[in-house]
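This report concerns only the one structure given below.
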Amino acid sequence: MWQRVMAVPDSRHCSIALPPAATPGTSPGRDSRIDRDGWVDCGAVSDQPDKPRRRPRVFSGTQPSGTPHLGNYLGAFRNYTAMQETHDCVYCVVDLHAITVRQTRAELRRNTIELANTFLASGVDPERSIVIVQSHVPAHSELMWILNTITYMGELRRMTQFKDKTAGAEGESIGVGIFDYPVLMAADILLYQADAVPVGEDQKQHVELTRDLAERFNNAFGKAFVVPEPIIRTEGARVMGLDDPTRKMSKSAGSAGNYIALMDPPDVIRRKIRRAVTDSGTEVRGGPDKPALTNLLDIYSVLAGEPVPSLEERYVGRGYAEFKTDLAEVVIRALAPFQERMRELEADKGYTLEVLRNGAERAEAIASRTLAKVRERVGLVPRP
């Protein structure tokens, strides 16, 4: 399933000057230099300068399921920002996926806007990438239905995450949305002709199903889809819980001490890291026998850009308390720019809504062409 939850433009890579990034209080409106697919031309120029080559396209969706945490930031949002340098990116708040879990209307709306703000505060530039809410582009649902007709029940039953989420549940109480979730995920990806999909190892199976459906459709009806490749995240991909280093950091762990929320104030971050579980002994060293220290060292390493062996050498003889104190300050400094940007976005709600409106327009330009091709291949009569 889609995971639950500032790069500086470099004009050396672009064939035209990039428009300035929009800021709160201004409109990220359509620039005349954006092509019909909704992209600023930043592709590598071929031997025919008037025909720029399109960069690989990436699609990634994130569920608006509550306050994003440090694990989401290290495993996903930092990578989303970096990918803008090499890919055309579509980043989606997958609210249709989120309603497979019951929540109030107010919660869903609040979480949706908060997640959109998280994309922007992390450094996703709405002039360079497309940021959308899934339900704002109805083509997601239509393509899902068409893909349903070529998907086998056995394929969905074999999905590991379906088995995990329904373990112990009676068949009558399992929602169809949970069962059919991977087909909507496939529609999300294929709708935008994505070349690549950044996912964690636990979601690779869903991308493999997406590839199977794309190839099955292309073989049965004629080519309509790009067959995407998974990009398996490695650095920061598995940030473990502060109170249980054997399980991933998660808001659903049942304890606020398990995770660091991205908007936690400095005193809360210091307290959570100070109380984080450590291993027996006093040596600041990672390894299979020290899962808690391995997790904390990995967090420090990713945020500070310093290799773990170097950190281990630096803290020889200094003990856990000093290490945790320093780690807390590293986390606080790393999150400070993000938190400042989030406060700006929360103070100017109209800006984010305009980003999403503009993103939906640009996304529909791509989605409508894909859907028209799919409808033609299947044999659906065009609307007069």
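Under numbering that gives the first Met the number 0, the letters of the sequence shown match residues 0 to 383, in that order.
The C-beta atom is built at its ideal place from N, Cα and C for all residues, glycine as well.
Where residue i falls, given that 16 or more other Cβ within 10 Å makes a residue buried
{"i": "Lys271", "result": "buried"}
{"i": "Pro229", "result": "buried"}
{"i": "Met248", "result": "buried"}
{"i": "Glu113", "result": "buried"}
{"i": "Asn116", "result": "buried"}
{"i": "Pro336", "result": "exposed"}
{"i": "Ala186", "result": "buried"}
{"i": "Asp297", "result": "buried"}
{"i": "Lys348", "result": "exposed"}
{"i": "Arg210", "result": "buried"}
{"i": "Arg77", "result": "buried"}
{"i": "Leu352", "result": "exposed"}
Distance between residue j and residue i (C-alpha atoms, nearest Å)
{"i": "Leu379", "j": "Leu295", "result": "55 Å"}
{"i": "Ile387", "j": "Gly221", "result": "Residue coverage of the chain in this structure runs from 0 to 383, which leaves residue 387 outside it and unanswerable."}
{"i": "Ala366", "j": "Lys323", "result": "48 Å"}
{"i": "Asp243", "j": "Pro381", "result": "55 Å"}
{"i": "Ser59", "j": "Arg356", "result": "18 Å"}
{"i": "Asp266", "j": "Ala327", "result": "9 Å"}
{"i": "Lys50", "j": "Leu119", "result": "Confidence at Lys50 is low in this model, with a pLDDT of 41, below 50, so its placement is unreliable and the value that follows should be read with caution. Their backbone Cα atoms lie some 31 Å apart in a straight line."}
{"i": "Ala260", "j": "Asn110", "result": "14 Å"}
{"i": "Ala43", "j": "Val198", "result": "Note that Ala43 scores a pLDDT of 30, beneath 50, so its modelled location is shaky; the value from the coordinates is reported in the next line. About 26 Å."}
{"i": "Glu305", "j": "Pro67", "result": "25 Å"}
{"i": "Ala389", "j": "Thr80", "result": "No answer is possible for residue 389: the residues shown for the chain start at 0 and end at 383."}
{"i": "Ala320", "j": "Leu241", "result": "15 Å"}
{"i": "Gly318", "j": "Gly74", "result": "28 Å"}
{"i": "Val373", "j": "Gln160", "result": "28 Å"}
{"i": "Arg342", "j": "Glu141", "result": "36 Å"}
{"i": "Leu146", "j": "Val301", "result": "39 Å"}
Of the listed residues the options, nearest to residue i (C-alpha basis)
{"i": "Pro55", "options": "Ala185, Cys91 and Tyr191", "result": "Tyr191"}
{"i": "His96", "options": "Val315, Met184, Ile231 and Lys348", "result": "Met184"}
{"i": "Gly285", "options": "Val225, Glu312 and Gly174", "result": "Glu312"}
{"i": "Gly122", "options": "Pro264, Gln83 and Ser309", "result": "Gln83"}
{"i": "Ala252", "options": "Gln62, Glu141, Leu107 and Gly70", "result": "Gly70"}
{"i": "Arg156", "options": "Ile173, Arg108, Met239 and Ala364", "result": "Ile173"}
{"i": "Gly280", "options": "Ile177, Arg274 and Leu292", "result": "Leu292"}
{"i": "Asp263", "options": "Val283, Trp144 and Gln338", "result": "Gln338"}
{"i": "Val136", "options": "Val93, Val329, Ala333 and Pro63", "result": "Val93"}
{"i": "Cys91", "options": "Ile188, Tyr258 and Met158", "result": "Ile188"}
For residue i, the three-state DSSP class (helix, strand or coil)
{"i": "Tyr90", "result": "strand"}
{"i": "Ile230", "result": "strand"}
{"i": "Arg56", "result": "strand"}
{"i": "Thr103", "result": "coil"}
{"i": "Val132", "result": "strand"}
{"i": "Thr61", "result": "strand"}
{"i": "Ala275", "result": "coil"}
{"i": "Asp325", "result": "helix"}
{"i": "Lys203", "result": "helix"}
{"i": "Leu189", "result": "helix"}
{"i": "Pro306", "result": "coil"}
{"i": "Leu183", "result": "helix"}
Which residues DSSP lists as bridging residue i, in chain order
{"i": "Lys247", "result": "Met239"}
{"i": "Val198", "result": "Ile231"}
{"i": "Ala260", "result": "His68"}
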